[in-house]
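Sequence lines, in order, name chains A and B.
Just so you know, we're using the working numbering here: the first sequence kicks off at 30 and counts up by one.
Just so you know, we're using the working numbering here: the second sequence kicks off at 30 and counts up by one.
Right, one structure below, let's go through it.
Protein chains: 2
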Amino acid sequence: MATLLPGTKLRPHMKATKCTALAKLQVQAGHTTFTCATTREVVGMVKAGLGQDLLLANETVDASRLREMALLQDAALITVAIDSDETLHAASTAGIRNVLIDVNVGLPRCGISPDGAGQLADRARNLGINVRGVMGYEGHLMMVTDKQEKIAKVEQCMALLRQAANDVGGEIISAGGTGTYDFHHSTGVTEIQAGSYSLMDTQYAQLHLPFKQAAFVVGTVISSNPQWAVVDVGLKSLGMDHGNPSIDGHAVWFCSDEHTTFSPNDGPTPQVGTRIRVTPAHIDPTVAQHECAWVVENDEVVDRWEIDLRGW
Amino acid sequence: MATLLPGTKLRPHMKATKCTALAKLQVQAGHTTFTCATTREVVGMVKAGLGQDLLLANETVDASRLREMALLQDAALITVAIDSDETLHAASTAGIRNVLIDVNVGLPRCGISPDGAGQLADRARNLGINVRGVMGYEGHLMMVTDKQEKIAKVEQCMALLRQAANDVGGEIISAGGTGTYDFHHSTGVTEIQAGSYSLMDTQYAQLHLPFKQAAFVVGTVISSNPQWAVVDVGLKSLGMDHGNPSIDGHAVWFCSDEHTTFSPNDGPTPQVGTRIRVTPAHIDPTVAQHECAWVVENDEVVDRWEIDLRGW
Numbered sequence: 030m031a032t033l034l035p036g037t038k039l040r041p042h043m044k045a046t047k048c049t050a051l052a053k054l055q056v057q058a059g060h061t062t063f064t065c066a067t068t069r070e071v072v073g074m075v076k077a078g079l080g081q082d083l084l085l086a087n088e089t090v091d092a093s094r095l096r097e098m099a100l101l102q103d104a105a106l107i108t109v110a111i112d113s114d115e116t117l118h119a120a121s122t123a124g125i126r127n128v129l130i131d132v133n134v135g136l137p138r139c140g141i142s143p144d145g146a147g148q149l150a151d152r153a154r155n156l157g158i159n160v161r162g163v164m165g166y167e168g169h170l171m172m173v174t175d176k177q178e179k180i181a182k183v184e185q186c187m188a189l190l191r192q193a194a195n196d197v198g199g200e201i202i203s204a205g206g207t208g209t210y211d212f213h214h215s216t217g218v219t220e221i222q223a224g225s226y227s228l229m230d231t232q233y234a235q236l237h238l239p240f241k242q243a244a245f246v247v248g249t250v251i252s253s254n255p256q257w258a259v260v261d262v263g264l265k266s267l268g269m270d271h272g273n274p275s276i277d278g279h280a281v282w283f284c285s286d287e288h289t290t291f292s293p294n295d296g297p298t299p300q301v302g303t304r305i306r307v308t309p310a311h312i313d314p315t316v317a318q319h320e321c322a323w324v325v326e327n328d329e330v331v332d333r334w335e336i337d338l339r340g341w
Numbered sequence: 030m031a032t033l034l035p036g037t038k039l040r041p042h043m044k045a046t047k048c049t050a051l052a053k054l055q056v057q058a059g060h061t062t063f064t065c066a067t068t069r070e071v072v073g074m075v076k077a078g079l080g081q082d083l084l085l086a087n088e089t090v091d092a093s094r095l096r097e098m099a100l101l102q103d104a105a106l107i108t109v110a111i112d113s114d115e116t117l118h119a120a121s122t123a124g125i126r127n128v129l130i131d132v133n134v135g136l137p138r139c140g141i142s143p144d145g146a147g148q149l150a151d152r153a154r155n156l157g158i159n160v161r162g163v164m165g166y167e168g169h170l171m172m173v174t175d176k177q178e179k180i181a182k183v184e185q186c187m188a189l190l191r192q193a194a195n196d197v198g199g200e201i202i203s204a205g206g207t208g209t210y211d212f213h214h215s216t217g218v219t220e221i222q223a224g225s226y227s228l229m230d231t232q233y234a235q236l237h238l239p240f241k242q243a244a245f246v247v248g249t250v251i252s253s254n255p256q257w258a259v260v261d262v263g264l265k266s267l268g269m270d271h272g273n274p275s276i277d278g279h280a281v282w283f284c285s286d287e288h289t290t291f292s293p294n295d296g297p298t299p300q301v302g303t304r305i306r307v308t309p310a311h312i313d314p315t316v317a318q319h320e321c322a323w324v325v326e327n328d329e330v331v332d333r334w335e336i337d338l339r340g341w
């Protein structure tokens, strides 16, 4: 990714990995700006010395959390997304110095209508806040598989974002994700917010991107018979909103709270004690359920990374 | 529940709540025996002074975890489920003194075939281990809604468990869950392993049990327009394997990592800053994602409970 989108062309999203140890590898790869989804991610990144340019790409009206971030602004550049007068005033009251205008480009979630973006920026500047530009997330297009359709739809969304950027001013036009990182060559976007690319999951694997699945939940077979085996990896260790996880060479039958029942595509079922690699369907809510990640190189554990940005 | 299944008729399952503060209320209600799904739950319960009679209703071959539990046996009565020679030998090597034979009664998960239960018990006793009886979880029947069908199917499963109990000996025949707690009047079962009853969720609510939903994820509306609103409760705070959560009086559109998009059934969308109660579809993997629970009485926060048994 650092080759395709070097330096600040990519603003890696911490919501996917929640791990400052991994972020430090992204810094080594040349990225210096980061995206966050929660205030805890922002504060944790600053404390880890990674506060050079942090965007909270999410709205909040929690005064104490906004103040906690505002107090860090002498040590870090913190920019907060706003999409309403309520979020503007919360940021202003807390002393937040920099904002981006979050624009709705088609995904029914956060973001002001493109028509209102310029006026919200004006009101922010009237309160003495620096408006660095706009962001707009075309999240509803991540899994579109037809290339021409995806090019056309991303362009439609980004036309709305460019219109808003024109009204808002500032230097940042931030958009995109792992599913569209390669569809912004001529959209006018200045940076891509992708996070899942670094670890990937079975859903994004369907898009045949040039990134490999790198995170697995490793468990142990605790029960086995000629028909099926049970590994001690279950719902509490997997993000399940994209469906069941996968096990290479095996069929997953179902997941329970603490178990996954599965059978081999051919050959005998694995014996009790066998270690099994379970591949999550959705990486973000999977990582968020783990206290740490074990880094494996050539089948040896070489490091332990804390998932230190999880929780709220 | 304490009225319906007083004292040791119920062995409350800690996997649903993972909270020793809640377990202490169950002790006040007369229950003294508990079920656990993980070694961390067992160890945490002992440390909280709740180790009078703990069943690890799950298999493990992790020697260090088994030893950690074995070292607590002078302070606590700990019983571990086994369903194979591998799990028996792991328990024996670690010095575990008490086991139950876990019997497969129809759910394709853990448990030895009923025919093999007696011989596994013999081999355990030959190793000097006390076999307290059998357990068998009819988990595949929890959501059967037709009463006569459920009675018949539970009886079929429990006939298998009684057969195994007859061969195994011991005083415990442990089975059941929140979906079948009331279907064991004549099955010969000595105790029910139910956990979800204390907090409930939208799936179990479909069974019209005499238990109320008591756990909600409370969030704040962070974005709103005439068509929809967005609350800051998402995939990372909800167990999603039973589908989307519910919001009273509203339609849930979809959940993202940190958001739920929804609209009111009638009337205006709630304003930014409004607090919203999101009801999870599946309580166990929801609770497991939270560091603490806030206890509310008459709309006031009266206590904070740590979810102290989560993780691995």
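Every residue gets a Cβ at the ideal spot worked out from N, C-alpha and C, and that includes glycine.
Best match in the options for proximity to residue i [C-alpha to C-alpha]
i                 : options                                       : result
Ala-123 (chain A) : A:Asp-144, A:Ser-203, A:Leu-95 and A:Gly-36   : A:Leu-95
Gly-217 (chain B) : B:Ser-227, B:Gly-165, B:Thr-68 and B:Asp-230  : B:Gly-165
Val-183 (chain A) : A:Ala-204, A:Ala-31 and A:Arg-154             : A:Ala-204
Arg-152 (chain B) : B:Val-173, B:Leu-189, B:Asp-196 and B:His-169 : B:Asp-196
Asp-342 (chain B) : B:Gln-256, B:Gly-268 and B:Ala-310            : Chain B is shown only over 30 to 341; residue 342 (chain B) falls outside these bounds and no answer can be derived.
His-214 (chain B) : B:Ala-181, B:Gln-235 and B:Ala-234            : B:Ala-181
Ala-243 (chain A) : A:Gln-256, A:Glu-335 and A:Met-229            : A:Met-229
Val-173 (chain A) : A:Ala-188, A:Ala-234 and A:Ile-141            : A:Ala-234
Gly-36 (chain B)  : B:Ala-58, B:Lys-47 and B:Val-316              : B:Ala-58
Leu-34 (chain B)  : B:Thr-62, B:Leu-85 and B:Arg-191              : B:Thr-62
Val-259 (chain A) : A:Thr-290, A:Pro-239, A:Lys-38 and A:Cys-284  : A:Thr-290
Leu-189 (chain A) : A:Gly-206, A:Phe-212 and A:Gly-145            : A:Gly-145
Beta-carbon gap between residue i and residue j smaller than 8 Å
i                 : j                 : result
Gln-300 (chain B) : Ser-225 (chain B) : no
Val-250 (chain B) : Val-307 (chain B) : no
Asn-87 (chain A)  : Ala-66 (chain A)  : yes
Ser-275 (chain B) : Trp-282 (chain B) : no
Gly-162 (chain B) : Ile-202 (chain B) : yes
Asp-270 (chain A) : Met-171 (chain B) : no
Other residues of its chain near residue i: CB distance less than 7 Å, five sequence neighbours each side excluded
i                 : result
Ala-99 (chain A)  : Ala-123, Gly-124 and Ile-125
Glu-115 (chain A) : Val-90
Where residue i falls, given that 16 or more other Cβ within 10 Å makes a residue buried
i                 : result
Gln-232 (chain A) : buried
Lys-179 (chain A) : buried
Lys-176 (chain A) : exposed
Leu-156 (chain A) : exposed
Glu-167 (chain B) : buried
Ser-93 (chain A)  : exposed
Asp-313 (chain B) : buried
Gly-80 (chain B)  : buried
Pro-41 (chain B)  : buried
Asn-273 (chain B) : buried
Val-330 (chain A) : exposed
Lys-241 (chain B) : exposed
Ala-45 (chain A)  : buried
Ala-120 (chain A) : buried
Alpha-carbon to alpha-carbon, residue j and residue i
i                 : j                 : result
Asp-286 (chain B) : Leu-264 (chain B) : 5 Å
Thr-68 (chain A)  : Arg-339 (chain A) : 11 Å
Cys-186 (chain A) : Gly-135 (chain A) : 6 Å
Asp-131 (chain A) : Ala-50 (chain B)  : 41 Å
Gly-248 (chain A) : Pro-143 (chain B) : 26 Å
Ser-113 (chain A) : Leu-149 (chain A) : 7 Å
Gln-55 (chain B)  : Thr-32 (chain B)  : 12 Å
Cys-139 (chain B) : Gly-208 (chain B) : 19 Å
Ala-194 (chain A) : Val-128 (chain A) : 13 Å
His-60 (chain B)  : Val-75 (chain B)  : 15 Å
Leu-83 (chain A)  : Gly-199 (chain A) : 16 Å
Pro-255 (chain A) : Thr-298 (chain A) : 6 Å
Asn-327 (chain A) : Leu-236 (chain B) : 50 Å
Asn-294 (chain A) : Trp-257 (chain A) : 11 Å
Cys-284 (chain A) : Ile-305 (chain A) : 14 Å
Lys-38 (chain A)  : Ile-111 (chain B) : 54 Å
Ile-158 (chain B) : Thr-64 (chain B)  : 20 Å
Same chain, Cβ closer than 6 Å to residue i, neighbours up to 5 away in sequence not counted
i                 : result
Thr-303 (chain A) : Val-250
Ser-266 (chain A) : Val-246 and Gln-318
Met-210 (chain B) : Here residue 210 (chain B) is Tyr; the residue named in the question, Met, does not match the sequence. Correct list, in chain order: Ile-221 and Ala-223.
Residues near residue i by beta carbon distance below 8 Å, same chain, minus five either side
i                 : result
Arg-154 (chain A) : Val-160
Gly-73 (chain B)  : Thr-49, Asp-337 and Leu-338
Arg-333 (chain A) : Cys-321, Ala-322, Trp-323 and Val-324
Arg-344 (chain A) : This structure cannot speak to residue 344 (chain A), because chain A is shown only from 30 to 341.
Lys-53 (chain B)  : Ala-77 and Leu-79
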